[in-house]
Structures are given as C-alpha cells and as structure tokens.
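All remarks here apply to the structure that follows.
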Amino acid sequence: MDRHGAGVTRAARIRGLRKAYGTHLVFDGLDLDVARGERVAILGASGCGKSTVLRCIAGLERADAGTVSTAGEIGLVFQEPRLFPWLDVERNVAFPARTGAERARVASVLALVGLAHAAKRLPKQLSGGMAQRAALARALVREPELLLLDEPFAALDALRRIELRAAVREILALTRASAILVTHDVEDAFALADRIVVLGGSPAEVVYAARADGANRSDVLRALGVGGGGAHAREARGASA
Amino acid sequence: MARLAVPLALFAAWWAATASGIVKSYQLASPHDVLRELLDLARSGLLWRDLGASTERVAAGFAIALAVALILGALVGGSRAAERALDPTLQAIRAVPSLAWVPLILLWLGIGETAKIALVAIGAFFPIYVALVSGIRGVDRKLVEVARIFGLSRFALVARVLVPATLPQLLVGARIGLTQAWLFLVAAELLAATNGLGFLLTDGQQTSRTDEILVAIVLFALCGKLSESAMRLLERRLVGWTDTAPA
Numbered sequence: 004m005d006r007h008g009a010g011v012t013r014a015a016r017i018r019g020l021r022k023a024y025g026t027h028l029v030f031d032g033l034d035l036d037v038a039r040g041e042r043v044a045i046l047g048a049s050g051c052g053k054s055t056v057l058r059c060i061a062g063l064e065r066a067d068a069g070t071v072s073t074a075g076e077i078g079l080v081f082q083e084p085r086l087f088p089w090l091d092v093e094r095n096v097a098f099p100a101r102t103g104a105e106r107a108r109v110a111s112v113l114a115l116v117g118l119a120h121a122a123k124r125l126p127k128q129l130s131g132g133m134a135q136r137a138a139l140a141r142a143l144v145r146e147p148e149l150l151l152l153d154e155p156f157a158a159l160d161a162l163r164r165i166e167l168r169a170a171v172r173e174i175l176a177l178t179r180a181s182a183i184l185v186t187h188d189v190e191d192a193f194a195l196a197d198r199i200v201v202l203g204g205s206p207a208e209v210v211y212a213a214r215a216d217g218a219n220r221s222d223v224l225r226a227l228g229v230g231g232g233g234a235h236a237r238e239a240r241g242a243s244a
Numbered sequence: 033m034a035r036l037a038v039p040l041a042l043f044a045a046w047w048a049a050t051a052s053g054i055v056k057s058y059q060l061a062s063p064h065d066v067l068r069e070l071l072d073l074a075r076s077g078l079l080w081r082d083l084g085a086s087t088e089r090v091a092a093g094f095a096i097a098l099a100v101a102l103i104l105g106a107l108v109g110g111s112r113a114a115e116r117a118l119d120p121t122l123q124a125i126r127a128v129p130s131l132a133w134v135p136l137i138l139l140w141l142g143i144g145e146t147a148k149i150a151l152v153a154i155g156a157f158f159p160i161y162v163a164l165v166s167g168i169r170g171v172d173r174k175l176v177e178v179a180r181i182f183g184l185s186r187f188a189l190v191a192r193v194l195v196p197a198t199l200p201q202l203l204v205g206a207r208i209g210l211t212q213a214w215l216f217l218v219a220a221e222l223l224a225a226t227n228g229l230g231f232l233l234t235d236g237q238q239t240s241r242t243d244e245i246l247v248a249i250v251l252f253a254l255c256g257k258l259s260e261s262a263m264r265l266l267e268r269r270l271v272g273w274t275d276t277a278p279a
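If you read the protein sequences in the order shown, they are chains Y and W.
Counting from 4, one number per residue, gives the positions in the first sequence under my numbering.
Counting from 33, one number per residue, gives the positions in the second sequence under my numbering.
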C-alpha cells in the first residue's frame, strides 16, 4: 500500500481499497476523497466496515490492496477515550507533543474542549463526556491536517452526546482541519458533516453520497436500509444505536 | 478499636494461661518472659546481629530474584520466541515445590551464606516473574494503538506505555515475592545457621526456651508486616492511578 502526500487540494485520497479478514471480504475497490477543510461523515450499520476504513487511513490496519494517501498529521479519536490511566488530563493531552510549540499548545486545547479546570485530574476521576473531551484535546495538540473520529459519541448517554456533538461542531469550526466522522447516527452526520457517505452491502460499497446541505434524511435512512424516514425510521435507528 | 479486639483478647488469654500456671513455662513462655528475653537480646546486641543477618539475606535474595525476574519476564513477555524457548521450562521448575530444592542447593552451595541467599531468591523469583509476564501480556492493546497513531518509537513505546502499564502488576508480584523471601529465609536458617532469626528458633528449640522461640516469631511477624507495608506504600505512591487504589 502506498502512502504519500494527497496533494494540495486533498486531505485524503483512497483508491481501490481492499480489506479482508480471513474469508470475509470487508470491502473491495473502495474509493473516497476528502478535500482540504472538508468534513465527511461515513454512515453505516454496525459491522459494515466503516471503522475499518478509518483504521486503514490511520495506518492501524494494513489494507490488502489499494492506496491511501493523506496530506499530513492525523489525529484520531476512538469510540472509547483511551486515555493513559497513569497520566493526568494535562499529561495525557501533552502525550503526543514533540516540540516546545506543541507542548505550549496543551493549555489552549484544554480550554478549547472545556477542560482547563480538570487539567490535574486522573482519568478515573473523569466522567465519560470529560474523558472523551480529553481524548479530543489529545488528538488536536499536534494540529492535525486530518481528524479521524471513530464513533466518538457512541459510549455516551443521550445528553452528553448532544453536548459533545455541539462542542465538536464548534471546535471543527475553529480549526482548519479536515475530518472524517464514522458514525451510525444520522443526526451526528447532519450536525457535523459537509458531505455524507453511506456504506452498505457486503463487501461494503458507497451506496449513497451527497452534500449535507442537499441531502435529505429519508434518502439517507433509506440508504441505511431502515425504511423511508418518519417515526418508524427514527425508531429503527434508535434500536440500532 | 474493633480491629484491636481480637489481638487484645488473644493477648489476655495468653497472659492468663501462663500467669495462672495452667500452661507451664517450658510449653509456653509468659508475655513477661518474652519481653524480658527480647530486652536481654537487645542489650547483649545479639538481637541486632540476628535481625541484621536475616534482613541482609532477605534483601540480597530478593534483589537477585527481582533482577532475574525483570530480565526473564521482559524477555518472555516481550517476545514470542523467548516465550516458546523459556516459559515451558520455567513453568516446569515453578511446579516443583520450592523447598524441594533445598537438598540440592545444600549439596551444590554448602551451608554458607550463598546457599541461604539462593534459597531466598528462588522463593521470591516466581511470584515476580509470573506477575511481570502476565502484566506485559495484559497491557491494553487499545493504548498501544494510541501510541502507534502518534508514531512512538519502539523504545518510547516501552518507556512511556508498556512500563507504566505493567508497573501495578509488577509491584503486586514484588510484594508477594518479598513475603515469600521471608518464608524461605526461615527454611534456610532452620537448616543451618549460626545467626539470624531462624537461628533463634532452632536455638530456642534445642534449649527448650519458648521465650526465645516466641521472640523470633514476633520478630518475623514484625519484619514481614513492615516489609509488606513498605511495598504497599510504594504501590500507593507509584500506581495510585489504578481503579482499585483510593483516589
């Protein structure tokens, strides 16, 4: 698999990506582009391979074929905070910092995610929402070109989810980073993305793609295979969450 | 206060049994005799000689066990090849009750200091080794992935993720190892020693001095408790971040 710069206009470029686990082919021939500054949401049912795409981009999984090129630094937020339990919030956020400038940025990213008051707390002293904010701050400290968000709200209760989604929306507006958000929640996608891509089928392929401002929910839901919108679809989506 | 109720009751029963003459002094010395023997030993300097000799043996044996366990544990925990080569043998040796090595050690190393320290080291080694290997095996893969995302070098991964993640288990293993070290010290000193707390035990037995035996037992209890408390303090200081430690 090649890894090289995606060029000046793209934050990420994926061509012909293929990944199989044993005999299970997750996807084959997947293409995806993310423009600089663009926020793309990848929607799909659980287990459809959307997280695997992200892991291939991040270099955590080796694709069997195809190319992934990214423009620069990558930040990744997982479904769980994955904070180092022996470091306080501040040191967790400073963990990836390599230069003095990056270390100097720790305080400002902590303020950005609203954790300035909790800098000295250990992970075990944080609520789920705070821990995920700390993980977001850690992903931002190197000022990534591309922010990868893998179901970042999935482990939170409904209220925290809405809160953190709003916070991420503000933060994305303040940074110039491109972002790929993997989620099964249509509301996440509409709240945060410029473009919505739905993965479906097995092996997974893009079954729907549209700009968020031009997409309508019932088309997206239909592409997800949960009926034609309305109360029934919301229920089905809730059940799959 | 509730914690002290049972020890105080036991002490009172001991005192009553010996003071009333129900139990003869050659069967069980009175608290008063034990205290006097302790003070006599302290005044004559023998107490410090025996305490010092035993502590040195435990310290030396434990240090050797810790060093060897760190090396072998890191090898076996860190490399599948080393695990295949070493772990079956070590597990087989571990299955032997450690005191079964005593005759062989005495034949090989004689009855000097080396044999005693070797026996203490054997006793302390396995708890530390087993804890370290399982600690390394049990490091959360998800945290290792975070390190990979940030492009940490192999050395940085070990120093910044694997070592701190393994430390809680290692310290628990070291605490158990230290307890084992005292246990094996008794065995070593009972066999052949001219000083040490174990020597007090055998000397007391040969001269039918239950006060001397009890002094040795009390001192063993104190030393064991002290070293365990020290290890727990170290755990609280170093790995207070674990879920089980108080915040």
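We put the beta carbon where it would ideally sit given N, CA and C, even for glycine.
Under DSSP, the alpha helix (DSSP H) around residue i begins and ends at which residues?
i                 : result
Gly110 of chain W : Leu78 to Gly110
Val134 of chain W : Val134 to Leu141
Gly103 of chain Y : Gly103 to Ala107
Glu93 of chain Y  : Val92 to Ala97
Ser221 of chain Y : Arg220 to Leu227
Phe187 of chain W : Arg186 to Leu189
Ser62 of chain W  : That residue, Ser62 of chain W, is in no alpha helix (DSSP H); it is neither H nor E in DSSP.
Lys53 of chain Y  : Lys53 to Ala61
Arg141 of chain Y : Gly131 to Leu143
Pro39 of chain W  : Ala34 to Ala51
Arg173 of chain W : Arg173 to Ile181
Starting from residue i, follow its DSSP beta bridges and name the residues at the other end.
i                 : result
Leu149 of chain Y : Y:Ile77 and Y:Ser181
Phe30 of chain Y  : Y:Lys22 and Y:Ala207
Arg16 of chain Y  : Y:Asp36 and Y:Ser72
Ile199 of chain Y : Y:Ala44 and Y:Ala213
Thr146 of chain W : In DSSP, Thr146 of chain W forms no bridge with anything.
Thr186 of chain Y : Y:Leu46
Using a C-beta to C-beta distance shorter than 8 Å, which residues of chain W count as neighbours of residue i?
i                 : result
Phe156 of chain Y : Correct list: empty, because the minimum Cβ distance to chain W is about 18 Å.
Glu83 of chain Y  : Lys174
Who are the neighbours of residue i on chain Y, taking C-beta pairs under 9 Å?
i                 : result
Thr274 of chain W : Pro88, Trp89 and Lys127
Note down, in chain order, every chain W residue with its Cβ under 9 Å from the Cβ of residue i.
i                : result
Ala74 of chain Y : Correct list: empty, because the minimum Cβ distance to chain W is about 16 Å.
Please compile the residues from chain W whose C-beta is within a distance smaller than 7 Å of the C-beta of residue i.
i                : result
Pro99 of chain Y : Phe182
Leu79 of chain Y : Ile181
Taking 8 Å as the CB-CB limit, is residue i close to chain B?
i                 : result
Ile245 of chain W : No chain B is part of this structure, whose protein chains are labelled Y and W.
Between residue i and the ligand ZN, is there a pair consisting of the residue's CB and a ligand heavy atom that are separated by less than 7 Å?
i                : result
Ala34 of chain W : Only the bare structure without any ligand can be found here, which leaves the ligand ZN out of the picture.
Near-chain Y residues of the stretch 160 to 189 of chain W (beta-carbon distance less than 7 Å), N- to C-terminal order: Of all residues in the stretch 160 to 189 of chain W, the ones placed with a Cβ closer than 7 Å to any Cβ belonging to chain Y are Lys174, Leu175, Glu177, Val178, Arg180, Ile181 and Phe182, in chain order.
message: Which residues of the stretch 110 to 129 of chain Y have a Cβ closer than 8 Å to any Cβ of chain W? Give them in chain order.
response: Leu125, Pro126, Lys127 and Gln128
message: Just to confirm the assignment: which complete alpha helix (DSSP H) runs, minimum length 4, are found wholly within the stretch 223 to 256 of chain W?
response: 229 to 238
field: Near-chain W residues of the stretch 47 to 66 of chain Y (beta-carbon distance less than 7 Å), N- to C-terminal order
entry: Ala61 and Leu63
message: To be precise: take each residue of the stretch 194 to 220 of chain W, compare its Cβ to all Cβ atoms of chain Y, and keep it if any distance is under 7 Å. Which residues remain?
response: Pro196
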